[in-house]
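Q:
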Amino acid sequence: MTRIIWVALAATAAATAVSGHAQDPVAAARSGGTVGERFDGYLGIVGDPGDSVRRQVAAINIKRRSLYSSLAARKGVSPQEVGLTAACTTLSRVAIGELYFTQSGGWRRRDAGQAAPVPAYCTQ
Amino acid sequence: MTRQRLIAFAGAASLAVPLAGCISVDTPDKPIEINLNVTIRQEVVVRLQKDVEDLINQNPDAFPQQAPKQ
Chain A
705 MTRIIWVALA ATAAATAVSG HAQDPVAAAR SGGTVGERFD GYLGIVGDPG DSVRRQVAAI
765 NIKRRSLYSS LAARKGVSPQ EVGLTAACTT LSRVAIGELY FTQSGGWRRR DAGQAAPVPA
825 YCTQ
Chain B
1199 MTRQRLIAFA GAASLAVPLA GCISVDTPDK PIEINLNVTI RQEVVVRLQK DVEDLINQNP
1259 DAFPQQAPKQ
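For the record, the sequence lines run as chains A and B. Numbered continuously in the numbering used here, the first sequence closes out at residue 828. Numbered continuously in the numbering used here, the second sequence closes out at residue 1268.
Shown next as structure tokens:
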């Protein structure tokens, strides 16, 4: 009987470990409303998603800045312009319930039935 | 051969230098600040859009969970 309980416990622990790794923490924070896309092409933090997510967001933003900078150099524009253009795509992919940061309105949530918050300057 | 190698090395070095300049950040936890005053002209968006979309689609580590438009 004790053995059965141990096996069951081990199985539960294993399942928890697997499901814990199944979803990316930044993705979870995004659907949980502590991380969202910004109009400038970077990820933003709302409230406190915890140190681990905070670090991952910072790392993603550094990667993005590097990508924006190299494309900007190739196209003869500023990295900011690349970021603002990237926001056309990243904001078009904000899911319902997720937060996003607009240039004029701060943080907002995309509610059910609302269109994706694509800035006016973006071409469709 | 040596010359070819030298050219290849110089090429790699010239690529690596600007990249290193972008990546080597002393405090990775320092947030990238939001500048609310940035503006963009539509013609620039038009010129960049295709390349930027490719950049996003080809770098899922920098753009995680960016599922195609719903």
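Quick reminder that beta carbons are idealized off the backbone N, C-alpha and C, glycines included. Keep in mind the model is a prediction, meaning the values are calculated, not measured.
Asp-1249/B CB to nearest chain A CB: under 7 Å?
A: Closer than 7 Å: yes.
Q: Report yes or no: is there a C-beta of chain A within less than 7 Å of the C-beta of Gln-1240/B?
A: At least one chain A Cβ lies under 7 Å of Gln-1240/B.
Q: Write down the C-beta distance between Arg-814/A and Tyr-804/A rounded to the nearest angstrom, noting that I regard them as a contact closer than 8 Å.
A: Indeed they touch by this definition, with Cβ atoms about 7 Å apart.
Q: Answer with yes or no whether the minimum CB distance from Asp-1224/B to chain A is below 7 Å.
A: Confidence in Asp-1224/B is poor, its pLDDT being 47 and thus under 50, which makes the residue's placement too unreliable to answer from.
Q: What residues are listed by DSSP as bridge partners for Arg-742/A?
A: Answer is Phe-805/A, bridged to Arg-742/A.
Q: Can you tell me where the beta strand (DSSP E) with Arg-812/A in it begins and where it stops?
A: Per DSSP, Arg-812/A belongs to the beta strand (DSSP E) from 810-813.
Q: Kindly indicate which three-state DSSP category Ile-749/A falls into: helix, strand or coil?
A: Of the three classes helix, strand and coil, the one that applies to Ile-749/A here is strand, per DSSP.
Q: Of all the CB atoms in chain A, is at least one closer than 7 Å to the CB of Pro-1262/B?
A: Yes, Pro-1262/B counts as interfacial toward chain A.
Q: Need the endpoints of the alpha helix (DSSP H) that Ala-816/A sits in, please.
A: Neither: Ala-816/A is in no alpha helix (DSSP H) and is coded neither H nor E.
Q: If you count every other CB in all the chains shown that lies within 10 Å of the CB of Glu-802/A, and 16 or more means buried, which is it?
A: It is buried - the Cβ of Glu-802/A has at least 16 other Cβ atoms within 10 Å.
Q: I want to see whether chain B comes within less than 7 Å of Arg-768/A, judged by CB atoms only; does it?
A: At least one chain B Cβ lies under 7 Å of Arg-768/A.
Q: Say whether chain B places a C-beta atom closer than 7 Å to the C-beta of Gly-804/A.
A: Before going on, a small fix: residue 804/A reads as Tyr here, not Gly. No - not a single Cβ of chain B is within 7 Å of the one on Tyr-804/A.
Q: Under the rule that 16 or more other beta-carbon atoms within 10 Å means buried, what is Ser-808/A, buried or exposed?
A: It counts as exposed.
Q: Tell me the residue span of the alpha helix (DSSP H) that contains Asn-1257/B.
A: Premise fails: Asn-1257/B is in no alpha helix (DSSP H) and is neither H nor E.
Q: Would you call the CB atoms of Pro-1258/B and Asp-728/A closer than 7 Å?
A: Not in contact: Pro-1258/B and Asp-728/A (Cβ atoms no closer than 7 Å).
Q: Ala-790/A versus chain B: which residues are under 9 Å apart at the beta carbon?
A: Residues of chain B passing the Cβ test: Leu-1246, Val-1250, Glu-1251, Leu-1253, Ile-1254, Phe-1261.
Q: Can a CB atom of chain B be found closer than 7 Å to the CB of Ala-721/A?
A: At Ala-721/A the pLDDT is 45, less than 50, meaning the model places this residue with poor confidence and gives no usable figure here.
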